[in-house]
Amino acid sequence: MSGAEINFMSAIDIARRVRRADITARQVVEAFLSRIEHLQPRLNAFTQILSDIALDQARSIDEAVRAGRPVGPLAGVPVAVKDIVDVAGTATTAASHPSFHRQAAADAPLVGRLRAAGAILIGKTNLHEFAYGVTNINPHYGPARNPWDRTRIPGGSSGGSAAAVAAGLCVGAVGTDTGGSIRIPASLCGVAGIKPTYGLVPTGGIVPLSWSLDHAGPLARTVRDVALFLAVMAGRGEGRAEGIGSEEKLSGLRVGVPRAFFWERVDAEVESLAAAAVEALRDLGAVVRDVEVPSASYAGNVAGVVMSVEATAFHELHLRTHLEDYGEDLRTRLLRGLFLSGTDYVTGLKARAFLRQEFLKAFAACDVLAMPTTQVPASLIDEEPESSAGTSLAMSVQLTRFTSPFNVTGLPALSVPCGFTKRGLPAGLQIVGRPHDEAVVLRVGTAYEDAARWHLRHPTVG
Numbered sequence: 001m002s003g004a005e006i007n008f009m010s011a012i013d014i015a016r017r018v019r020r021a022d023i024t025a026r027q028v029v030e031a032f033l034s035r036i037e038h039l040q041p042r043l044n045a046f047t048q049i050l051s052d053i054a055l056d057q058a059r060s061i062d063e064a065v066r067a068g069r070p071v072g073p074l075a076g077v078p079v080a081v082k083d084i085v086d087v088a089g090t091a092t093t094a095a096s097h098p099s100f101h102r103q104a105a106a107d108a109p110l111v112g113r114l115r116a117a118g119a120i121l122i123g124k125t126n127l128h129e130f131a132y133g134v135t136n137i138n139p140h141y142g143p144a145r146n147p148w149d150r151t152r153i154p155g156g157s158s159g160g161s162a163a164a165v166a167a168g169l170c171v172g173a174v175g176t177d178t179g180g181s182i183r184i185p186a187s188l189c190g191v192a193g194i195k196p197t198y199g200l201v202p203t204g205g206i207v208p209l210s211w212s213l214d215h216a217g218p219l220a221r222t223v224r225d226v227a228l229f230l231a232v233m234a235g236r237g238e239g240r241a242e243g244i245g246s247e248e249k250l251s252g253l254r255v256g257v258p259r260a261f262f263w264e265r266v267d268a269e270v271e272s273l274a275a276a277a278v279e280a281l282r283d284l285g286a287v288v289r290d291v292e293v294p295s296a297s298y299a300g301n302v303a304g305v306v307m308s309v310e311a312t313a314f315h316e317l318h319l320r321t322h323l324e325d326y327g328e329d330l331r332t333r334l335l336r337g338l339f340l341s342g343t344d345y346v347t348g349l350k351a352r353a354f355l356r357q358e359f360l361k362a363f364a365a366c367d368v369l370a371m372p373t374t375q376v377p378a379s380l381i382d383e384e385p386e387s388s389a390g391t392s393l394a395m396s397v398q399l400t401r402f403t404s405p406f407n408v409t410g411l412p413a414l415s416v417p418c419g420f421t422k423r424g425l426p427a428g429l430q431i432v433g434r435p436h437d438e439a440v441v442l443r444v445g446t447a448y449e450d451a452a453r454w455h456l457r458h459p460t461v462g
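Residues 1 to 462, numbered by our numbering, are exactly what the sequence shown covers, in order.
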């Protein structure tokens, strides 16, 4: 079996083959390390490549298989971890200045769960500095690049994770999402990614951006793999992807389309692709109807206030002692938080509670909501320091428009690929569910993915 075949296998397939001894975990790891060696200089998806850790884990799994001992549901599956998440024995850099790096003494709980399930930790991925931005243009590590067009951003802040998954450098990846940082890069890089219900996946051992908005979740090339990774990260039994069958049907399921706000000011090609995806859901038996969320347009401002205050609170001491160690983009954002008052913050929290109720009312008429994940496809990388900070701030407003409302409300939201523009750039459909209704969200995503089959298309990295 060739390395190229292994690099684009699903997690489910790799784990099955490793358990049956059809392939060794070492063969899997070597195939991925070889591809990383070839493509890392072109994509800059990783901050650290964990070759020794990965090979040690592979050796342990292969020994267990030979001895007939049970191995986990992710046995031999290479996983990348966003570099704000602790992996024991490695530095947690947050893709920041070295003065902020720290050595992790223990795994973050979600990493411990992945490790216990047999996942192999292949590397730590590049991100927007301290996860506060959506371009992944980084003054300390350089920009991660989109595998579909290396002159363009992968999205952020989990841009390295999405780029690595799309390019076949890992099977799945850990991301975090405070305003869209899993779903935006998933959409721009043509992979699947879910922000689960707030609190479902533990965020301990993760450098915070905004405590009350931070979520952790997986990215993968298929929704079924996303479901499996999520089950493990959430600590659900033996990692069963609940609610996902071999052939998903949507007969009678109600899909709500909130045309006001969530379908406005969208790039024409992106809108057309997302609309075609909604029609595909109708063809699969879903009942598609328009719904309203009257106050949705306020969510971005609420997210901005809450995130700004909480992020600045976390960084306050270092702002006083290491101000110049922050990149210009991040420094501007954090200093802005100093000018918000306690009254601003409390008002933001009250508005969050109101918005959550407004969104929950919409589900009286539907089972899931559907909309484009982003307004636009991936933009060009701006590598000029004088302008990139301003570009980053403007892009954050644009790219988080349809994603941040679900951080504010804590609702589960999945981005699934829904096609490509004429330039060959991916677009994503966002599917949103009720609290703790991940099974339905994943069921809808799987049904669409099986019908559309966009996940079978992979980038040719030049």
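The beta-carbon is built from N, C-alpha and C at its ideal position, and this holds for glycine as well.
F339 burial status per 10 Å Cβ neighbour count (16 or more: buried): F339 should be labelled exposed.
Inter-residue CB distance, M307 and S396 (contact presumed, cutoff 8 Å): Rounded, the Cβ-Cβ distance is 10 Å, inconsistent with contact.
Burial state of P294 (16 or more Cβ within 10 Å): An exposed status is given to P294, since fewer than 16 other beta-carbon atoms sit within 10 Å of its beta-carbon.
Span of the beta strand (DSSP E), counted from its first residue to its last, around C418: Unbroken beta strand (DSSP E) run through C418: A413 to F420.
Start-to-end residues for the alpha helix (DSSP H) that takes in R259: Annotation for R259: the continuous alpha helix (DSSP H) segment containing it runs R259 to F262.
Beta strand (DSSP E) runs wholly inside the stretch 151-179, at least 3 long, in chain order: Fully enclosed beta strand (DSSP E) runs of 3 or longer: 172-177.
For R59 and K124, the rounded distance between their alpha carbons: A straight line joining the alpha-carbon of K124 with that of R59 spans about 20 Å.
Assigned exposure category for L380 - 16 Cβ within 10 Å defines buried: When all chains shown are included, L380 counts as exposed.
Limits of the beta strand (DSSP E) - the one that D290 falls within: In the DSSP assignment, D290 falls within the unbroken beta strand (DSSP E) covering V287 to D290.
Neighbour-count burial assignment, R113, 16 or more Cβ in a 10 Å radius: So R113 counts as buried.
Spatially closest choice to T90 from Q103, H97, S96 and W454, by CA coordinates: Of Q103, H97, S96 and W454, the residue nearest in Cα terms is Q103.
Assigned secondary structure, I122 (DSSP; H/G/I helix, E/B strand, else coil): Looking at I122 - three-state DSSP - the assignment turns out to be strand.
P70 versus E316: straight-line alpha-carbon distance, rounded: Answer to the nearest angstrom: the Cα atoms are 47 Å apart.
Secondary structure of V464, DSSP reduced to three states: With the chain covering only 1 through 462, there is no way to say anything about residue 464.
Terminal residues of the alpha helix (DSSP H) in which P41 lies: In the DSSP assignment, P41 falls within the alpha helix (DSSP H) that extends over A25 to L43.
Spatial distance of A227 from F314 (CA atoms): Looking at the two C-alpha atoms, the distance is approximately 32 Å.
Cβ shell of V28 (< 8 Å), same chain only, five flanking positions each side left out: Excluding residues within five positions, the ones whose Cβ falls inside 8 Å are I6, I14, V18, A58, G76, V77, P78 and I120.
Alpha-carbon spacing of E279 relative to P185, whole angstroms: Going from the Cα of E279 to the Cα of P185 covers about 24 Å.
Span of the beta strand (DSSP E), counted from its first residue to its last, around V305: According to the DSSP assignment, V305 belongs to no beta strand (DSSP E) but to the alpha helix (DSSP H) extending over A299 to T321.
Straight-line Cα distance separating H38 from T446: For T446 and H38, the distance between alpha carbons rounds to 32 Å.
Classification of A465 by the beta-carbon crowding that lies within 10 angstroms, buried from 16 upward: Nothing in the structure corresponds to residue 465, since the chain is present only between 1 and 462.
Nearest-angstrom Cα separation, counted from I122 out to L250: If I take the Cα positions, the gap works out to 36 Å.
From T92, P258 and T93, residue whose alpha carbon lies closest to that of C366: The option with the nearest alpha carbon to C366 is P258.
Collapsed DSSP secondary structure at Q375 in the structure displayed: Reduced to three states, the DSSP call for Q375 is coil.
C-beta atoms of T421 and P377 nearer than 9 Å: Going by C-beta atoms, T421 is nearer than 9 Å to P377.
Proximal residues to E269 (C-beta, below 6 Å), its chain only, five neighbours per side dropped: Excluding residues within five positions, the ones whose Cβ falls inside 6 Å are T421.
For T321 and P417, the rounded distance between their alpha carbons: So the alpha carbons of these two residues sit roughly 43 Å apart.
F46 - partner residues in DSSP beta bridges: Paired residues: T125.
Unbroken beta strand (DSSP E) run spanning A216, endpoints: Counting along the chain, the unbroken beta strand (DSSP E) around A216 starts and ends at H215 to A220.
Distance, N136 Cα to S158 Cα: Spanning the two alpha carbons is a distance of roughly 8 Å.
A494 versus I431: straight-line alpha-carbon distance, rounded: Outside the shown range of the chain, which is 1 to 462, sits residue 494, and nothing can be said about it.
Three-state secondary structure (DSSP) of A117: In the structure shown, A117 sits in coil (DSSP, three-state: anything other than H, G, I, E or B).
Coil, strand or helix - I431 by DSSP: Reduced to three states, the DSSP call for I431 is strand.
Three-state class that DSSP yields for K350 in the structure shown: Collapsing the DSSP output to three states places K350 in a helix.
Whole alpha helix (DSSP H) elements within the stretch 51-77, 4-residue minimum: Runs of the alpha helix (DSSP H) inside the stretch 51-77: 51-67.
heavy atom of the ligand GDP below 8 Å from S212 C-beta: Looking for the ligand GDP in the displayed structure turns up nothing, as the structure carries no ligands at all.
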